[in-house]
Every structure is written in C-alpha cells, then in structure tokens.
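Here is the structure we will look at, set down as structure tokens.
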DNA sequence: GCTAATATGTGATTTTTTTCACGGAACAGC
DNA sequence: GCTGTTCCGTGAAAAAAATCACATATTAGC
Ligand SMILES: NC(=O)c1ccc[n+]([C@@H]2O[C@H](COP(=O)([O-])OP(=O)(O)OC[C@H]3O[C@@H](n4cnc5c(N)ncnc54)[C@H](O)[C@@H]3O)[C@@H](O)[C@H]2O)c1
Ligand SMILES: NC(=O)c1ccc[n+]([C@@H]2O[C@H](COP(=O)([O-])OP(=O)(O)OC[C@H]3O[C@@H](n4cnc5c(N)ncnc54)[C@H](O)[C@@H]3O)[C@@H](O)[C@H]2O)c1
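Protein chains in written order, with our numbering: chain A, 248 to 456; chain B, 248 to 456.
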C-alpha cells in the first residue's frame, strides 16, 4: 500500500536506513519493528506505518529481513545514487565538517570547499580541493554538485544561497541562524540552528517544572 | 487565552524571540505577524496562533510592540534566566562550538569544556576552562551547569549521556548520530543529525521529480 | 471624518500525524 | 503437533497541528 511520504515519515525512514546499515555491519539478519523503534526513539507502530508506506516488505510473524528492508529503502528514497556535496564557508564549523569522516560511508561525496577569503584558501591544508567563493558557480556545475552545507556568517547567508541556487544546487543544509529564501520547487532546505535548539531546551526546562 | 505549548509552537516562538532581539537592535519598535512570519518562514496566522497561546499581547489594528512581545516571550519561555552550559567532547566539532560567539548574546553562558584526552586538554589554548572527562560530574555540580552540548564519538555517546544525567544536567543537545536514552521527565534532549538531514534532502530530491 | 488597507484574536474547519486494535502468520519450546 | 508469544499490515479512531474566516480595531491618506 504505497502512499505519499510526509516529512516526519521520511525523516524516520532515513534513520531506519542508517540503522539497517549498522545492523548489517554487526551481522544481524533480521529485525523487528520494536527493535527498530527502540533504536530510533519512536513507538513500534509508527515504524510499521512508515515502512508500510513503501509497500509490504516485512514478514508477518517474523520481522524484517535487514538486507531486503535496506534495499527497499534504498530504492524508494534514492540512496542508490551517490550525492556530491560541497561545504560553503570554511571557518570553524566548515572546517570541522570538512574533516567529518561519516559522509563517505553514508553515500555522500564531499568534493569541494569554498571560502571568500583567498588567504584562508591558500593556508588551509586539506585533502579536499578548496576554491575561492567567486568560482562557486563554475565548480558546482563542472563537478555536478547537488548538495551544499552552508556555514558562512549569517549576514551573507542569503546572498550565498542565491549563488548556490543560480548554480543549480538541489539541496542546502543551512547552519546559519537565519531563514534563507529559495525557490522551493527547485531547491530543498533543511535548517540546523544550534542556538534555537538550546532555547527550546531552556523553554522546556522552564515549562516542565 | 493561555494554552499548553506544543513543541512546534515552542520552536517557532523561540525564533520569534530571536527575531525580536534583532528588530530591537535595528531600532524597530513595532512588527506585524506578516513580517514575523516572513522572517521565520511560516504563515502569518501560525505566528498569531503561537503568540496567542501566551495570552493577548498584540494590538488589534496595529501589530505587536517589539519590546512588549519580547518581554512576554522572555517571561513565558524562561529566557530571563541565563543558562549555564558545557561542551562535552572537544574534537573538531566541539572546538568549533567552543569558539562560537553567539552563545553569550543569546542568554547562554558556556563555562566549561570536557574531553577524555588529557593530552588534548593540556595542549588546547582557549579562554574557557577545560577539564578532563573524569571531573565532569564534580564540575557540572560545582558550576551549576544545566545544559550540555554533546560532541563525543558516537560509540561513547550513551555512556557520556549517563554521566551527564547522573551529574544532574537538565538538557542535552546531542550532535552524535545515535539516539541517547535518558529519563525523560528529568532531562530534555534535542538531536542534531547532519547526515540524516542530508539524507532527507536526498530523499526529497528523489521523490520530488 | 470617511475610506481603504492593514492588524490582531479566535472559534470553526480541515488536514495531517499519531495511536490503537486486531486479524492472520511465523516461531520457539516442549 | 500444540501453545503461548512475537510480529507485521492496516483500517479505524484519536489527537495534534495547520489553516481558514471573520469580527473588530487601528492607521494613513485625503
Ligand atoms: N562555530 C560554531 O560552532 C557554529 C555553530 C552553529 C552555527 N554556526 C553558524 O555557522 C556559520 C559559520 O560559523 P563559524 O563559526 O564557522 O564562522 P567563521 O567566521 O569561523 O567562518 C565563516 C567563514 O565563512 C567565510 N565566508 C565569509 N563570507 C563568505 C562568502 N560570501 N562565501 C564563502 N565564504 C564566506 C569566512 O571567510 C570564514 O572562513 C555562522 O552562520 C554561524 O552562526 C556556527
Ligand atoms: N565533525 C563534524 O563536523 C561533525 C558533524 C556532525 C556530527 N558530528 C558528531 O559529533 C561527534 C564528534 O565529532 P568530531 O568530528 O568532533 O569527533 P572528534 O573525534 O574530532 O572529537 C571527539 C572528541 O571527543 C573526545 N572524547 C572521546 N571520548 C570521550 C569521552 N568519553 N568523554 C569526553 N570526551 C571524549 C575525544 O578525545 C575527541 O577529542 C561525533 O559523534 C560525530 O558523529 C561531527
């Protein structure tokens, strides 16, 4: 029974995929919705509903075959395709991301970094090619980069995003604490806002007592 | 008309608070739900509903008085209290966070860093005090630290979180790509999972075409 | 002082998302 | 081969969240 996937469902399914990967590495062949739910932090029936959106793939009575589930998710969510990504803004956060080793094993290939400071570009020592910001459009198109991790100072976030959009980027993970406007049919955005998460925690602490 | 606040509402209200701050710095005295909505990326009526959960604070016809709205949010969400925070795991990500300058202006005081590598502790040059991981409980209690930013390797995330809980921490921003289990009545957790955000983007790109 | 445009607050409505409940299937232990 | 347990799939119900619609208030322009 295939259905349109909602964002919460997609988010959870991505986590299920990750979990399948880990189970496979551990040599585990089968898994139940209960186990998956525990690993992901949601109830079992939510997992079942989510997985069901992609059609039947589990075995009633026994659980899910890890390999089969993973293959199913891979196809449905498009993980068979390696996505090329870049990091824009190679300051403190951008540098940390450049060295982050999990991208490769997760199906992402980070192939470029950009910074507006030529001095910074020249003094950085890194395995990955880094370019001045004014080459962004050219490099993104030449290298067929689809995703960008945006870690520039907040005041230039929108202008930088505009360049990314003009370069034909398809998705942006925005670490800057501002909302960026993009043509939403062409480009997807996910925001990561550390300060706001801390504020939410602080509010929950206040409200919860 | 006061109501219980849902997580989505709290999240947006925190962003509204941030926005009020910026408007105030720009010397802007009044703001409408339409403007706020645009800045935050949600429709105007959502903003109005959210703000209304805290009781009436706007003026029908003209919009909201920025100062009054901010004061209202501050009280309701508990932002009048400065929250003390620490960073656990001073690797690439943790170091970036240590140098992040926005905490102070946002009502957070980051007063300690922890790492299990004594060598790392000793060679780090930083304004902020850093401690070996085995002093975590003592320092957190002595310094009355309420929040932790967790940036340790994923395999030790749960064990580290356990120590944080035992130390009496109230909230955790978890950057590790694993779910951590904590007693949910005592401790709040917000997860930031970069890889998963990228996967979601990738899925949306696949599904959207 | 009149009009058009712009505001908020909020009950009602719609949509989305989660949760429940249970039929039917496999399995482990005995 | 029987029994109690575990498990998936799924329609139905419930809960939560978003959206609409409009009464009512303010402001700006003229
Ligand atoms: N440091 C953190 O831990 C942290 C945490 C959360 C969010 N953020 C956000 O991430 C962003 C970057 O933070 P940071 O601490 O790394 O800042 P940073 O100042 O260390 O680095 C910013 C980098 O962007 C470069 N840059 C400036 N304009 C640019 C442009 N137009 N194009 C390309 N590169 C440009 C600068 O040269 C610099 O190297 C900020 O928006 C910040 O709010 C940072
Ligand atoms: N680097 C990134 O850009 C990035 C991005 C997103 C998420 N993350 C996640 O953040 C976490 C840290 O990533 P990183 O790249 O900074 O790793 P890292 O290896 O550079 O740093 C980890 C640090 O944690 C310390 N550590 C190890 N065990 C500890 C313990 N028990 N108590 C305290 N400190 C301990 C290590 O000494 C090290 O300094 C990882 O879970 C990673 O998946 C990193």
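Glycine included, every Cβ here is placed at the ideal spot set by N, Cα and C.
- Membership of residue 342 of chain B in the alpha helix (DSSP H) is indicated by the continuous run 339 to 345.
- Distances from the CB of residue 376 of chain B to the heavy atoms of ligand 2 are all 7 Å or more.
- For residue 326 of chain A, no alpha helix (DSSP H) encloses it, and the DSSP letter there is neither H nor E.
- Set against 7 Å, the gap from the CB of residue 399 of chain A to the closest heavy atom of ligand 1 is smaller.
- At a cut-off of 8 Å, the C-beta of residue 366 of chain B has no neighbouring C-beta in chain A.
- Every beta strand (DSSP E) stretch that sits fully inside the region 277 to 337 of chain A and reaches 3 residues is listed by chain position as 330 to 335.
- A straight-line Cα-Cα distance of about 17 Å links residue 346 of chain A and residue 369 of chain A.
- Fully contained in the region 388 to 446 of chain B are the following beta strand (DSSP E) runs of length 3 or more, in chain order: 394 to 397, 418 to 421, 435 to 438.
- In this structure, DSSP gives residue 255 of chain A a helical state, which the three-state scheme calls helix.
- Interface flag for residue 361 of chain B against chain A is unset, since no Cβ pair is found closer than 8 Å.
- Against residue 278 of chain B, chain A offers no close residue; the least beta-carbon distance is about 15 Å (beta-carbon pairs closer than 7 Å).
- The DSSP-derived three-state label of residue 354 of chain A is coil.
- With its beta carbon at least 8 Å from every one in chain A, residue 300 of chain B lies outside the interface.
- Taking 8 Å as the CB threshold, residue 444 of chain A lines the interface with chain B.
- Residue-level contact check: residue 346 of chain B touches chain A, since one or more beta carbons of chain A fall below 8 Å from its beta carbon.
- Straight across, the Cα-Cα distance linking residue 454 of chain B with residue 391 of chain A is about 19 Å.
- At least one heavy atom of ligand 1 is found less than 7 Å from the C-beta of residue 347 of chain B.
- In this structure, residue 417 of chain B lies near residue 435 of chain B, with their beta-carbon atoms less than 8 Å apart.
- Contact residues of the region 427 to 456 of chain B toward chain A are 435, 437, 439, 441, 442, 443, 444, 445, 446, 447, 448, 449, 450, 451, 452, 453, 454 (C-beta to C-beta distance below 7 Å).
- When the five nearest sequence neighbours on each side are left out, the beta carbons in the same chain lying within less than 8 Å of the beta carbon of residue 421 of chain A are those of 397, 404, 408, 427, 436, 437, 438, 439, in order along the chain.
- Annotation for residue 378 of chain B: the continuous beta strand (DSSP E) segment containing it runs 377 to 379.
- Residue pairing for residue 360 of chain B: DSSP places it in a beta bridge opposite B:334, B:377.
- Taking C-beta atoms as the reference points, residue 276 of chain B and residue 294 of chain B fail to come closer than 8 Å.
- Ranked by Cα distance from residue 325 of chain B, the first of B:364, B:301, B:373, B:379 is B:301.
- Under the three-pair Cβ rule at 8 Å, the region 367 to 387 of chain B does not count as touching the region 325 to 341 of chain A.
- From the listed residues B:425, B:319, B:348, the smallest Cα separation to residue 424 of chain A is found for B:348.
- When C-beta distances to chain A are compared with 8 Å, the residues of the region 252 to 284 of chain B below that value are 252, 254, 257, 258, 260, 261, 262, 264, 265, in chain order.
- Per DSSP, the unbroken alpha helix (DSSP H) holding residue 369 of chain B starts and ends at 365 to 370.
- In this structure, residue 423 of chain A has its CB closer than 7 Å to one or more heavy atoms of ligand 1.
- Taking all protein chains shown into account, residue 317 of chain B has 16 or more neighbouring C-beta atoms within 10 Å of its C-beta and is therefore buried.
- Identification of residues in the region 284 to 295 of chain A having a C-beta nearer than 7 Å to some C-beta of chain B yields 286, 287, 288, given in sequence order.
- Residue 325 of chain B belongs to the set of residues whose beta carbon lies under 8 Å from a beta carbon in chain A.
- Interface with chain B (8 Å Cβ-Cβ cutoff): residue 418 of chain A is included.
- Contact between the region 334 to 345 of chain B and the region 248 to 267 of chain B is absent: fewer than 3 CB-CB pairs across the two stretches fall below 8 Å.
- In this structure, the straight-line span from the alpha carbon of residue 374 of chain B to that of residue 452 of chain B is close to 43 Å.
- In this structure, the straight-line span from the alpha carbon of residue 399 of chain B to that of residue 337 of chain B is close to 8 Å.
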